[in-house]
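Heads up: the structure comes next, in structure tokens.
Residue numbers (our numbering): -19 to 213.
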């Protein structure tokens, strides 16, 4: 991940081990407010590890908030919501900056392993008033061409690599939303609708300014970005 800040992450105590999982690199909208440089900008979400859109009974019909909120509830983690502050509030809260076409390191923390798989998607927002939709997300692939990343056993911090499209740039007034989708697999014989699922959305830039080494900022509208290190237990 090519990030713009050199501030080190403070290790975080994980008090809510009953949670399930969250995207921490890049930091998703519910997690980023726990990082020191964002604590005065983004509200703290104490349930950021449990964005399952209300659970199996709510999602088995295929309806869910695109960033893990309940379909019929407040969309706090979507653009314009309590934690989706960019670009609605103009605060430029961006979790990472990558080069177009880059193969990037992603990291997920799992605190309650339900087997299953991860997928990642990308949606470009062109400016204020633009919101992520299910149709907008383009599924990303790993370097081996696979879309799904199979979750190993155990509760841990898991790293994986995915490749960004070469023809997508988002910086300045535009930015991209990188979404993690986790579909559990511990309920046999019931298909996808019978599994618990999770969604997290992270705000990122994709810019030529974000090359193989960190830069001070993209050339347009410098955001505040997250540091490189991941939290540890």
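No residue lacks a Cβ here, since even glycine has one placed at the ideal position from N, Cα and C.
Do residue 154 and residue 107 count as a contact pair if the criterion is CB distance below 8 Å? yes
Residue 93 and residue 133 - do their beta-carbons sit closer together than 8 Å? yes
Taking the alpha carbon of residue 25 as the point to measure from, which residue in 8, 40, 17 has its own alpha carbon closest? 8
Whole angstroms is fine: what's the gap from residue 103's alpha carbon to residue 189's? 20 Å
Thinking C-beta only, is residue 11 closer than 8 Å to residue 28? yes
Going by the beta-carbon positions, is the gap between residue 97 and residue 141 smaller than 8 Å? no
Which residue marks the beginning of the alpha helix (DSSP H) containing residue 38, and which one marks its end? 36 to 39
State whether the stretch 144 to 160 contacts the stretch 110 to 120, with contact taken as three or more CB pairs (one from each stretch) at a distance under 8 Å. yes
Less than 8 Å between the C-beta atoms of residue 21 and residue 88, yes or no? no
Helix, strand or coil for residue 145? Go by DSSP, reduced to three states. coil
Within 10 angstroms of the Cβ of residue 37, are there 16 or more other Cβ atoms? Answer buried if so, exposed if not. exposed
Roughly how many angstroms lie between the CA atoms of residue 181 and residue 171, to the nearest whole one? 24 Å
Closest to residue 185 by C-alpha separation, out of 176, 145, 169, would be which residue? 145
Taking the alpha-carbon positions, what's the residue 33 to residue 187 distance? 31 Å
Tell me where the beta strand (DSSP E) around residue 66 begins and ends. Here residue 66 belongs to no beta strand (DSSP E), and DSSP marks it neither H nor E.
For residue 178 and residue 41, what's the separation of their Cα atoms in angstroms? 15 Å
Inter-residue spacing [alpha-carbon to alpha-carbon] between residue 5 and residue 85: 8 Å
Is residue 68 near residue 60, with beta carbons less than 8 Å apart? yes
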